[in-house]
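Residue numbers (full-length UniProt numbering): 1 to 801. Virtual Cβ for every residue (Gly too), placed ideally from N, Cα, C. Data first, discussion second: the structure below is written as structure tokens.
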């Protein structure tokens with residue numbers, strides 16, 4: 001007997017989680033397969049019981065030279081027309097005759113032989129093997145239905161999809177995200193109702209009351225953040241602990257990889273079409289040949305046996321189970337017919353609908369999450385199948401396709417990790433003496449930052465997905481914002497707050513597109529520092545938008561590779577006081593915009609590959625500080641024209657290739673600071689020291705061998721550095737500069753130090769290390785302000801004092 005349990009697993013999929021990919025027609029088809037399988041198994045179980053009596057044969061007493069003329073049809077039609085109702089008769093009735101049996105004189109072994117012979121030779125093969133055909137065809141249907149669940153090229157994708165789909169469905173984050181949207185929609189409806197209600201009374205309100213109510217509505221219309229609400233009992237669906245947040249974060253990554261992996265091909269769709277087409281073909285084949293062969297299941301079979309074996313050549317045989325098999329066959333045809341109709345409907349569904357595209361329009365409308373992307377190919381096909389099972393799966397799964405939902409989750413995880421207590425430990429004073437919070441390489445901006453009311457400066461470096469919310473208004477002390485490779489978006493209330501309160505903005509970016517448009521409307525901004533490419537790749541020209549709205553801008557720093565000064569700089573000409581351009585060794589050629597900056601006080605042109613001082617500088621009458629560091633200046637003959645800058649007090653020509661200084665530098669009467677270090681000077685002109693207001697003079701890192709005695713003219717000199725030169729002696733007149741506080745003479749060739757050093761009563765720092773001194777003058781101890789720490793010299797010389 002065939003064990004039915006062996007077929008059970010073929011009828012139903014072992015892994016019940018795959019049921020989400022089985023639409024109603026596949027489920028119905030499975031049950032039909034089970035019914036057909038049981039039909040075949042039932043027929044098969046009857047066969048072993050008929051080992052000895054599958055067929056029973058009797059010889060026909062008639063014979064003929066043409067055996068075809070003799071058949072057994074009279075047995076089939078015998079007494080068919082006699083009514084089933086009859087009247088009992090008595091034995092004395094004259095029409096009753098005693099019937100005697102016919103003796104054939106055959107041995108029992110001859111009957112057995114004839115039965116087997118006739119069964120094998122004259123019973124139609126369909127009548128003999130029909131139950132086995134039913135089992136085989138049904139198993140083929142089952143294999144075809146579940147083949148894509150087993151084939152390596154498709155089963156891996158299906159298993160991965162179903163596993164992730166189940167996790168997304170059960171994830172607490174799905175419930176949390178959908179509930180947040182519901183809350184936000186409720187708030188929006190409430191705000192809309194308030195607006196409609198208050199508009200009815202608008203004529204009765206005073207202007208100041210209307211303004212106050214308007215501000216209230218705008219603030220209430222901002223989307224709520226559940227973590228920012230006042231402490232109150234929350235319902236369990238809205239709770240999400242740290243562990244669940246990490247699990248949801250991992251799910252987002254898995255969904256991204258799954259989408260990339262599945263969406264790139266359509267093998268699942270084609271495999272499903274192929275197996276459905278195979279089932280339709282199989283259905284047609286079964287219907288045709290079964291309908292043709294069913295009449296061959298006959299109850300009475302005529303059999304020809306060689307007469308020399310038994311003496312009879314024609315036998316009439318009775319097929320014992322033919323009647324039952326014929327009924328099973330017709331029942332099987334009905335089952336296959338229904339199964340085929342389902343397969344044809346499946347093909348219609350496959351080709352009639354665009355199953356390679358899946359739109360989340362309805363989900364976006366219901367959930368309010370508008371950035372859920374549409375999908376295609378196999379990913380879309382799987383979601384269509386899931387919708388046939390339960391559309392709620394796709395709705396909950398869509399939450400993990402949304403970048404907005406992912407950013408909310410990241411925000412929640414950030415808030416768990418970065419508490420306000422942890423952030424306060426990172427507060428430090430920056431170079432501007434502001435209390436600063438520096439956050440580096442975070443996936444987002446924690447909401448807890450806006451709980452630090454004492455924060456004055458916020459620095460974000462390589463922080464992703466920065467959105468500054470309306471809660472920034474809580475930071476009343478915030479004046480400085482630094483976004484270092486951290487593109488940021490601002491909510492409207494946050495922008496309105498920063499317009500009035502932000503004083504310093506520092507931006508570093510990798511492309512011009514990352515420059516935020518909100519930067520151009522910060523009315524209260526006083527300092528703007530930009531670092532990154534400000535040129536268009538096609539036209540190679542500066543493309544900064546108009547700075548006209550920056551009405552309070554005083555300082556502008558551009559660290560880029562400009563070919564000319566951006567024309568938009570002229571928009572702030574009236575208020576701009578300091579302009580710094582660090583051009584990263586790219587030649588700056590056009591300076592026409594400089595002439596407009598009539599109120600400029602400080603100008604830095606660093607790394608601009610300048611060979612001469614730009615003539616546009618000479619028209620800046622209010623200029624007080626000029627820094628031309630790291631250029632290619634070899635001569636400064638045009639320095640005479642700087643006398644037009646009548647307020648110039650600081651001139652820095654350091655890190656250039658200047659070989660000499662012209663005598664007419666003495667025309668710069670207002671000069672107080674001169675830095676000509678890191679050049680190629682071999683000699684200093686004596687006229688240099690007629691700049692009598694000099695307080696700071698740096699000639700270090702040159703090739704000087706002597707110092708003119710006119711240095712004594714600089715009676716106001718407080719800082720003098722001549723380190724890293726080739727001085728062998730110093731003029732005694734140097735020690736007449738009695739206001740010197742810092743004297744740096746290290747790394748020269750000095751062999752002695754004059755005893756007149758004691759004249760420098762205000763000397764605080766003296767650096768003479770790296771010379772050829774054998775001793776120090778004892779008078780050095782007469783400098784009252786010079787401490788041991790302020791004297792920089794070899795330890796061996798200190799021991800000799």
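Going by C-alpha positions, residue 613 is about 26 Å away from residue 724. Going by DSSP, residue 695 is part of no beta strand (DSSP E) at all; its letter is neither H nor E. Within its own chain, the residues whose Cβ lies closer than 7 Å to the Cβ of residue 474, once the five positions on either side in sequence are excluded, are 450, 453, listed in chain order.
Rounded to whole angstroms, residue 512 and residue 497 show a C-alpha spacing of 25 Å. Apart from the 5 residues on each side of it in sequence, residue 624 sits with its Cβ closer than 7 Å to the Cβ of 601, 602, 647, 648, 649, 650 in its chain, given in chain order. A Cβ-Cβ distance of about 4 Å is found for the pair residue 633 and residue 656, placing them in contact under the 8 Å criterion.
Assignment of residue 259 by DSSP, reduced to helix, strand and coil, places it in the helix class. By alpha-carbon distance to residue 581, the top candidate from 611, 740, 630 is 630. Counting other Cβ atoms within 10 Å of its Cβ, residue 343 reaches 16 or more and is therefore classed as buried. Between the C-alpha atoms of residue 59 and residue 37 there is a straight-line separation of about 38 Å. Within the segment 642–696, the complete beta strand (DSSP E) segments of 3 residues or longer fall at 650–652, 673–675, listed in chain order. Around the beta carbon of residue 264, a 10 Å sphere encloses fewer than 16 other beta carbons of the protein chains shown; the residue is thus reported as exposed. Taking residue 364 as the centre and dropping the five residues before and after it, the same chain places the C-beta of 370, 372 closer than 7 Å to its C-beta, in chain order. Assigned with DSSP and collapsed to three states, residue 454 falls in coil, not helix or strand. Straight-line spacing of the CA atoms in residue 423 and residue 508 works out to 23 Å. Looking at the DSSP output, residue 530 sits in a beta bridge with 507, 558. In the three-state reduction of the DSSP assignment, residue 304 falls in the strand class, which pools E and B. Under DSSP, residue 489 takes part in a beta bridge, and its partners are 467. Around residue 262, the same chain offers 157, 378, 379 as residues with beta carbons nearer than 6 Å, after the five sequence neighbours per side are excluded. Look at residue 792 here: in three-state DSSP terms it is strand. Across the structure, residue 748 and residue 722 are spaced so that their CA atoms are roughly 8 Å apart. The DSSP assignment places 361–367 as complete runs of the alpha helix (DSSP H) inside the segment 327–377, in order along the chain (cut-off: 4 residues). Secondary structure at residue 705: coil, using DSSP grouped into helix, strand and coil. Under the three-state reduction of DSSP output, residue 523 falls in the coil class, being neither helix nor strand.
Ranked by Cα distance from residue 462, the options 357, 488, 288 are led by 488. Contact check for residue 21 and residue 386: beta-carbon distance about 7 Å, within the 8 Å limit, so the pair qualifies. Its chain contains 460, 461, 462, 463, 466 as the residues whose beta carbon lies nearer than 7 Å to that of residue 486, once the 5 sequence neighbours on both sides are disregarded; these appear in chain order.
For residue 617, the closest alpha carbon among the candidates 635, 40, 596, 345 is that of 596. Annotation note: the segment 739–763 contains the following uninterrupted beta strand (DSSP E) runs of length 3 or greater, listed N- to C-terminal: 742–744. When C-beta atoms of the segment 165–175 are compared with those of the segment 320–335, fewer than three pairs fall below 8 Å, so the two segments do not count as touching.
Counting along the chain, residue 170 sits inside no beta strand (DSSP E); it lies in the alpha helix (DSSP H) bounded by residues 152–170. Counting along the chain, the unbroken alpha helix (DSSP H) around residue 391 starts and ends at 391–398.
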